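So the sequences go chain by chain: Y and H. Letter by letter, the first sequence follows residues 1 to 1082 of this note's numbering. Letter by letter, the second sequence follows residues 1083 to 1556 of this note's numbering.
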Amino acid sequence: MKKIAFFLSIMLFMGTVFVYAQTKNITGTVTSNDDNQPIPGVSVSVKGTTVGTVTNLDGVFDLSIPQDAKALVFSFIGMKNYEVEIGTQTNFSVKMETDVFGIDEVVVTALGISREKKSLGYAVQDISSEEISRANNPNLITSLSGKLAGVEVRQSSGMPGAPATVLIRGARSFDGNNQPLYVVDGMPITSNPDYDQNVTGAYYSNRSIDIDPNDIESINVLKGQAAAALYGLRASNGVIVITTKSGKGATKGDPTVTLTTSITSDVISRLPDVQQTYAQGYYEDFYSAFSYSWGPKISDLPKIPKLGGDALGQPGKWWDPYKGSWQDPMAYNNAEGFFQSGLTQYYGANVSNSTEIADYSIGLSATNQDGVVQNTGMKRYTAKMAASFKLGDKWRSGFSGNYSDVDLQKLPSGNSSYLFTVMGAPASFDLMGTPYHMEGPLGEYRQISYRRGSVGENPRWAVMNNHFLETTRRFFGNTYLEFKPADWVNLRGQLGVDTYSTDNEDLYQKGSAGTGQVLPTAGDYTSPTKTTFGYREPTGGSIDNYGVMRSNINSLFTATFNYDFNEDLSGTLIIGNEFRDETSRSWTMTGTGFTIPGWNNMSNTTTQTADESKGRFRSVGNFANLAMDYKSMLYLNLSGRYDVVSSMPTNNRSFFYPSVSLGFVFTELEALKDNTTLPYGKIRASFAQVGQAGSYNQPTYYQGGAGSGFLDDGITYPLGGVSGFRQNTTVYDPNLKPQNTKNYELGIEMKFLKNRLGFDYTYSDQLATDQIFSVPMAGSTGYANFVTNAGEMSSVAHEVMLNIIPVQMNDFEWVISANFTKITNKVVELAPGIESVSLAGYVTPNVRAYAGYTYPTIYGLQMARDDQGRILIDDDPDSYYYGYPMEGETGKIGDVSPDFIMGITNTFRYKFITLSALLDWKQGGDIYSGTNRLMALYGSAGFTEDRTSTFQYKDTENAKGDGVLSDGSPNNITRGGPDDIEAYPDFYSDIFGSIDEMAVYETSYLKLREVALTFDLPRKILEPVKMSAATISFVGRNFLLWTTLPNVDPETSQGMGNGQMGFEYMSLPQTKSYGVTLNLTF
Amino acid sequence: MNMKTLKILLIVLLSSVVFSCSEEKMDEINMELNDALDMSVQSMLPDIILKSGFETASTDIAWYATVYIEHSAGTWAQSIDADKRIGQTAATLFNNNWNSLYDVLNICKDVITKTAPDGPEPDNQFARGVAQILTAYNLAMVTDMWGEVPWTEALLGPANLQPIYDNQSSLYPVIQQYLDDGIASITSATNVSGVGDYAYNGDKAKWIKAANSLKARYYLRLSNVDNQAASKALGVISKGFATSTDNFYFKAYEATATGENAWFQFMNDRSHLSVGKTLYDLMTSRNDPRIAQYFTKIEDEYVPAPNGTATQTQGGIYSVSLITENGRTTPAPIMTYHELMFIEAEAKFRTNDNTWKGSLQKAIEANFVFHGLTLAQGTAYFTDVVTPLLTSGNELKEILTQKYIAFYEHEAIEAYNDYRRVPSALTLNNPNNAQVGFVWRFPYATSEEASNSANIPKIDVFKDKVWWAGGTEK
């Protein structure tokens, strides 16, 4: 344990190496109070200075200290800090006490200010590098899942670079930004995607993908507004403070070299259950070029008219019109065939060192990920360097720079998904065995698909011919200069830059169904009498080249003053200024209609359009923070920030926000001090107010155009050589003011039984008022949206962090840590007269903010219900839909928010072997599952396999009760059976397929999110090969899944941002992974 | 560094902070960089014509009308739902068109405001006239489809977020007035530029003919409620289209993915429609030569889809429209000469003017030519097929049946209006008309339900007709 801790402490050690001119040498040994064994890696520093070192493997340290040094501070992870007067002593023998839960832990708070965790009056939670990178997850955001109380990670898919959203204590904004601010090494960086995706096209990755999770030393999450208030307008959604690895903890002398490599295999987490009995067609007839699988039994294909072999001299065979040959009738599991196993390889190297005047860390990494669909993947290369220098006695400086190059090959989803023809492929169609394009003239561009329409594309043809590329090259970093003219004052200036460009290319090859190619119809396919495909000239194709350049400059100036009023009372005052300036430019070039097939360049298109958008933004903030400490028992923190932002209307763009917090360590009271049952207890309370700025725009005119919800393209200017312009349909309120979030937070922390049980509970109550949102307008007003202040949203959170050590012995230890989150996030009211606003999705169903309900809700066509809320069954015997539920009104059909979420990590350590497992449990919350709806409609779902039994509504997929007849009596209508063959297709295609509510599923799940078995090789093996550490880990992610949702992983989602997790529509799949990691330190 | 330099540094820093966030500086930073702050009406002209020709005349309203009127059978997705009358009361159904209609009306309003005598461009009376004519056309579309609709309080933006609904009876005079104003504006226009005029390329005379033709259409629309309707229509027809070359088209379609005819895009993107058996049977019983122009064949046969009971398909089972399949760049008819002649025939018949048969013949002949046949074929068809059917008591029915046949497939909206005005002229066969009901008017839109629900009249689309179709105003 101590050896592992040694390396950890090297990384975590915050002390430094600077030496004063007038020095003396001291030495000493640090041992553990528990077993009297030496502790390596303890940081030893001179109090109030930056002079320090770490103990060696024998627990011994040797340090030059200034002559006037007063006291030494010893700190080590898992141990209580220890402080000793120096006096004239030169040799120290120190015993440190175990402190399993890090009472004296120092955390990085807002604006990079380090504070003792016990002094905080609000909740923070940190995660170590080990927890982040344990399971080889290349995506930083999704690696947080289940590890933080009060934080919900909403994933979209397991595709390379897929976006995810992080909600800290729910959402505060109806349709605005609800994502936390990311701060890397003191510099706020852009983390949100530059583009939205709703129901068409490919996803865009969060820009946090540019960070290599292996490069992170720790993440600290500032959850409440009080914790984040110093960041001003950007703090309303909480802050994720990332500290990257640095050389600060490195031992002096030779550089430490760490090599990490991992290899992980990804597979689709859940394959749909498909029926394997019935062929393409309808009402027992076979039809080609048809999306339904409600046809004859596959075994009866030899009997069908025109294509059946029984009557055409090929008994037992049928003419497969797609293969163009006689075939034995067979059922194919096309979904299983289509997905491949992906592979993620990671290589990382880090060199760090610390010398008398400087320390540094250099890291390089390469991630190469192949997705679970052919031609998808991510290539990420990162390089970083961080260093700090001592410049004389009073000055120091440093920098941190990160470069990344991320290439993504993506897939579209929703309306543009290729999965329509994977999940929906008839079992009689051999997706993987049938050529995906024709022979003959331009055969490559004449695809063979089993169905028509713009979603009828053969997925194999699409994967080979279309592509969606996203390439980002980014640099972010900062440099600082620190001046400490006296003990009590510190001035620091920091200048940072975050700049990147993203280049996207969406290509639809000539012959692609979504760009004008009409796919073959029934008459074009082969038959026994016509063995070649009908000729359709390849048409269409399009190429979209678009990108964005974004540059942020951030300067931060702080002045810190410490003052000890007396022995019991001390205070720290920080005043500062932050300046941020952003410029951006994005552009789009679209070319449609390739002339020469296969030449996929803009210059080969018949029509080109181009568009650009420029943006500028500036904010300037002045702030002050006062922290008072009374007897290390009572801590008071006051802060205020005054922000001025450019994006608000004239004379309405400056705002002041206050916050106050109080921490009371009641175990410091004389009566409770040194109690072994309750060694530590703290209550805390805070209040804060933080705003969020909107974007005010002047009234403008822009290029018009025409379209329809039914059309892929509509009309785009220029048309006939001219363009038409029209006024903006969005009106901005000239009196726009920032929305305001008030937050009250109460918490209690306790540690029991020699610290083997730790408990931390937080109650948080937020009210976001004066929401800035696009209030939808009645069409008859002539406009679509009015951007104004209206409405309120509340969020009440209960968070529990629990740490238990059931077993703690020398060789064996079992640690449980659990995070529990229950958030009630409610839309109190929208604008006057507005009941709900659509956030994402289709006309119906969609995801909405709905007044009076939790945020967000799912909206769509409901089933008809009686006065008592019971489902009404059609009891008109003449109706096609006799015995089935009926259409009701459109309204709320589901709630996206879960009842609670919980992550439980169990860690077992035996000698040098550690096994840890994270279970992630989400209870409640609904999703509209478009994939299940379509698999029912098409008749490809496994639950449509039985088409012969009689049934009542309650027996059907996702039935929501028995239903009642019009007279209120229980539904007793039975359909199906041999005389009623249309019963199943009518139910699943027409009823299940058209009433949105029927495809709303509850998505409770229990996932084994991460498992890691780690061998930390013992020193006796390593020493002969000159290695200081070596670990090998076997890891797994997302395997073992229990859920209420069929066919689709419950963490599959369509769209990005606020709509995420509310609906999926042939959305891209989740993955589960297995891998191994090797980590060597020299 | 001594304290003095530190002080200087602080002063420099502080002053730069103050300067960097002054209101003037922030205004400059927030200045619009992407869109124009003002626009000339000439540059707005293309968009009002495009939206009227594409969104108003040729998209969802037309695609639902063709199913309701049984020119087509819906055989896929939303169109088969329309055929089966599933979800036809949903506010979402026509939300897009409701919003796009008021959108184009609002753009027209901006053009009219800018070209007012006290506006910035009083000289562009041509653009003003076009905007007035298109206001009439789009306003008529809204009220024809929905009945009572906002107008007097509409198009005011945030100044009135909840406009009241006006009666259709009060809007028809407004429509006629806008057409008159449009004619007057265009007549007075000088220095006309044809740039961006996708209909007539700046031809003033043709715009005036189009406005008069529309006047005739909207006069005759009131045949149930105004006994002067036919004679008022006749009063303006002579000033309307003189030949098919005057047709009011949106004719700027291009053979590119983002420039194609709306119906063509709909067929390619969606494949929702098949040929309706009701239309096909009327044509076969008349041995109508236009069949070969109208429909595709399935394995050498015409296979119409039975309205209301067709098998779901995206092609391969039933015949589809050949007009559309060949119509990648076919102009979209907003109003045609043959329609005007049908109006003349009906109006003359209603006013006992016995020259109505000549008008009907002209209408049919023009329609034959319109669909790629010869005038002589039209004459022969009129003489051999239509004339024998014009028996006493059957005249109006056959005029409207001929109009119904002629309107396939791009003029479905007017066929839908005619049926609602004179239901006795056509026998529809969709069994769901009896089971569920015919869609007599459109359900009010989601955007109104969401943001103006208090003002929406409560209507039943299957029972309540609009005012000119014999309904009672709410």
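The beta-carbon is built from N, C-alpha and C at its ideal position, and this holds for glycine as well. Since we're looking at a predicted model, the values are computed, not measured.
query: How about residue 394(Y) and residue 484(Y): do their beta carbons lie closer than 8 Å?
result: In the first sequence, residue 394(Y) corresponds to position 394, counting from 1. In the first sequence, residue 484(Y) corresponds to position 484, counting from 1. In this structure, residue 484(Y) lies closer than 8 Å to residue 394(Y) by Cβ.
query: Do residue 1339(H) and residue 540(Y) have their CB atoms nearer than 8 Å?
result: For the purposes of this step, residue 1339(H) is taken as the residue at position 257 of the second sequence. For the purposes of this step, residue 540(Y) is taken as the residue at position 540 of the first sequence. The answer is yes: Cβ separation under 8 Å.
query: What's the gap between the Cα of residue 1169(H) and the Cα of residue 1548(H)?
result: Within the second sequence, residue 1169(H) is the residue found at index 87, counting from 1. Within the second sequence, residue 1548(H) is the residue found at index 466, counting from 1. Distance from the CA of residue 1169(H) to the CA of residue 1548(H), rounded to the nearest whole angstrom, comes to 20 Å.
- request: Give a yes or no on contact between the segment 839 to 852 of chain Y and the segment 204 to 217 of chain Y, applying the rule of three or more CB pairs nearer than 8 Å.
  value: No: the two stretches stay apart, fewer than three of their Cβ pairs being nearer than 8 Å.
query: Are the beta-carbon atoms of residue 945(Y) and residue 275(Y) separated by less than 8 Å?
result: The residue given as residue 945(Y) occupies position 945 in the first sequence. The residue given as residue 275(Y) occupies position 275 in the first sequence. In contact: residue 945(Y) and residue 275(Y) (Cβ atoms closer than 8 Å).
- request: Spatial neighbours of residue 357(Y) within its chain, please: CB distance less than 7 Å, with the 5 preceding and 5 following residues excluded, ordered by chain position.
  value: Here residue 357(Y) refers to the residue found at position 357 of the first sequence. Here the set comprises 389 and 390.
Limits of the unbroken alpha helix (DSSP H) element including residue 1145(H): In the second sequence, residue 1145(H) corresponds to position 63, counting from 1. Here the alpha helix (DSSP H) through residue 1145(H) covers 1142 to 1150.
- prompt: Under 7 Å Cβ-Cβ, which residues of chain Y neighbour residue 1533(H)?
  reply: Locating residue 1533(H) in the second sequence gives position 451, counting from the first residue. Those are 776, 777, 778, 833 and 834, listed as they occur along chain Y.
field: Interface residues of chain H facing residue 968(Y) [CB-CB closer than 8 Å]
entry: Your numbering for residue 968(Y) matches position 968 in the first sequence. Here the premise fails: no neighbours, minimum Cβ distance about 23 Å.
query: Can you tell me the Cα-Cα spacing of residue 719(Y) and residue 607(Y), whole angstroms?
result: Translated into positions along the first sequence, residue 719(Y) becomes position 719. Translated into positions along the first sequence, residue 607(Y) becomes position 607. So the alpha carbons of these two residues sit roughly 10 Å apart.
message: Suppose the cutoff is 6 Å on Cβ atoms and the five residues either side in sequence are ignored; what does the same chain contact list for residue 824(Y) look like?
response: Within the first sequence, numbered from 1, the residue matching residue 824(Y) stands at position 824. So the qualifying residues of the chain are 796.
- prompt: Secondary structure at residue 1434(H), three-state DSSP: helix, strand or coil?
  reply: Here the question's residue 1434(H) lines up with position 352 in the second sequence. Coil at residue 1434(H), not helix or strand.
message: So the candidates are 625(Y), 636(Y), 830(Y) and 872(Y); which of them puts its Cα closest to the Cα of residue 856(Y)?
response: Working through the first sequence from its first residue, we reach residue 856(Y) at position 856. Nearest of 625(Y), 636(Y), 830(Y) and 872(Y) to residue 856(Y), Cα basis: 830(Y).
query: Taking the continuous beta strand (DSSP E) assigned at residue 85(Y), which residues delimit it?
result: If you number the first sequence from 1, residue 85(Y) lands on position 85. That run of the beta strand (DSSP E) goes 82 to 85.
task: Measuring alpha carbon to alpha carbon, tell me which of 1322(H), 1337(H) and 1336(H) ends up nearest residue 1330(H).
output: As a working mapping, residue 1330(H) is identified with position 248 in the second sequence. Ranking the options by Cα distance to residue 1330(H), first place goes to 1322(H).
task: Could you spell out where the beta strand (DSSP E) holding residue 810(Y) opens and where it closes?
output: Locating residue 810(Y) in the first sequence gives position 810, where the first residue counts as 1. Residue 810(Y): not part of any beta strand (DSSP E); DSSP gives it neither H nor E.
field: Cutoff 6 Å; reference residue 651(Y); Cβ partners in own chain excluding five residues on either side
entry: On the first sequence, residue 651(Y) is found 651 positions in, with the first residue counted as 1. Excluding sequence neighbours, residue 651(Y) sits near nothing in its chain.
query: At which residues does the alpha helix (DSSP H) containing residue 1126(H) begin and terminate?
result: Stepping through the second sequence from its first residue, residue 1126(H) is reached at position 44. 1123 to 1133 is the span of the alpha helix (DSSP H), which, as asked, contains residue 1126(H).
- prompt: Can you round the beta-carbon distance between residue 255(Y) and residue 353(Y) to whole angstroms, since I take them to be within the 8 Å contact cut?
  reply: What you label residue 255(Y) is simply residue 255 of the first sequence in a count that begins at 1. What you label residue 353(Y) is simply residue 353 of the first sequence in a count that begins at 1. Contact holds; Cβ gap of about 4 Å.
query: Is it true that the CB of residue 1052(Y) sits closer than 8 Å to the CB of residue 1033(Y)?
result: Translated into the one-based positions of the first sequence, residue 1033(Y) becomes position 1033. Translated into the one-based positions of the first sequence, residue 1052(Y) becomes position 1052. No, the Cβ-Cβ distance between residue 1033(Y) and residue 1052(Y) is not below 8 Å.
- prompt: Tell me the DSSP bridge mates of residue 642(Y)?
  reply: Along the first sequence, read from residue 1 onward, the residue named residue 642(Y) stands at position 642. Partner residues in the beta bridge of residue 642(Y), as assigned by DSSP, are 622(Y) and 656(Y).
message: Could you check whether residue 1132(H) and residue 724(Y) sit closer than 8 Å to each other, using their CB atoms as the reference points?
response: Taking the first residue of the first sequence as position 1, residue 724(Y) is located at position 724. Taking the first residue of the second sequence as position 1, residue 1132(H) is located at position 50. A distance below 8 Å separates the beta carbons of residue 724(Y) and residue 1132(H).
- prompt: Who are the neighbours of residue 697(Y) on chain H, taking C-beta pairs under 7 Å?
  reply: Locating residue 697(Y) in the first sequence gives position 697, where the first residue counts as 1. Those are 1114, listed as they occur along chain H.
message: What would DSSP say about residue 495(Y), mapped onto helix, strand or coil?
response: As a working note, residue 495(Y) is residue 495 in the first sequence. Correct three-state label for residue 495(Y): strand.
field: Contacting residues, own chain, Cβ-Cβ under 6 Å from residue 1093(Y) (five flanking each side not counted)
entry: This structure cannot settle anything about residue 1093(Y), because the visible part of chain Y is limited to 1 through 1082.
query: Taking just the CA atoms, how far does residue 808(Y) sit from residue 814(Y)?
result: Position 814 of the first sequence, counting from 1, holds the residue named residue 814(Y). Position 808 of the first sequence, counting from 1, holds the residue named residue 808(Y). Residue 814(Y) and residue 808(Y): Cα-Cα distance of roughly 6 Å.
- prompt: Is residue 277(Y) closer than 8 Å to residue 303(Y) when the C-beta atoms are compared?
  reply: In the first sequence, the residue the question calls residue 303(Y) occupies position 303. In the first sequence, the residue the question calls residue 277(Y) occupies position 277. Against a cut-off of 8 Å, the Cβ pair of residue 277(Y) and residue 303(Y) comes out as no contact.
query: Helix, strand or coil for residue 21(Y) per DSSP?
result: What you label residue 21(Y) is simply residue 21 of the first sequence in a count that begins at 1. Note that residue 21(Y) has pLDDT 45, beneath the 50 cutoff, so the model's placement of it is unreliable and no number is given.
message: I'd like the ranges of any alpha helix (DSSP H) spanning at least 4 consecutive residues and lying wholly in the segment 1338 to 1421 of chain H.
response: 1344 to 1352, 1359 to 1367, 1373 to 1376 and 1404 to 1407
- prompt: Ordered along the chain, which non-local residues of its own chain (more than five positions away) have a Cβ less than 6 Å from that of residue 184(Y)?
  reply: As a first step, residue 184(Y) is located in the first sequence; it is residue number 184 there, counting from the start. Taken in chain order, the residues that qualify are 242.
task: Mind listing the chain Y neighbours of residue 1190(H)? Cutoff is C-beta to C-beta under 8 Å, in chain order.
output: On the second sequence, residue 1190(H) is found 108 positions in, with the first residue counted as 1. Simply none; closest approach about 10 Å.
- request: Using three-state DSSP, classify residue 635(Y) as helix, strand or coil.
  value: Within the first sequence, residue 635(Y) is the residue found at index 635, counting from 1. In the displayed model, residue 635(Y) falls within a strand according to three-state DSSP.
message: With H, G and I counted as helix, E and B as strand and the rest as coil, what does DSSP make of residue 44(Y)?
response: Here residue 44(Y) refers to the residue found at position 44 of the first sequence. Strand.
task: Starting from residue 1178(H), find everything on chain Y with Cβ-Cβ shorter than 7 Å and list it in chain order.
output: Counted from its first residue, the second sequence places residue 1178(H) at position 96. Within chain Y, the C-beta atoms nearer than 7 Å to that of residue 1178(H) come from 708 and 709, in chain order.
field: Min CB distance residue 980(Y) to chain H below 8 Å
entry: Against the first sequence, residue 980(Y) aligns to sequence position 980. So, not an interface residue.
- request: Please say whether residue 174(Y) and residue 786(Y) have beta carbons closer to each other than 8 Å?
  value: To locate residue 786(Y), count along the first sequence from 1; it is residue 786. To locate residue 174(Y), count along the first sequence from 1; it is residue 174. Not closer than 8 Å, so no.
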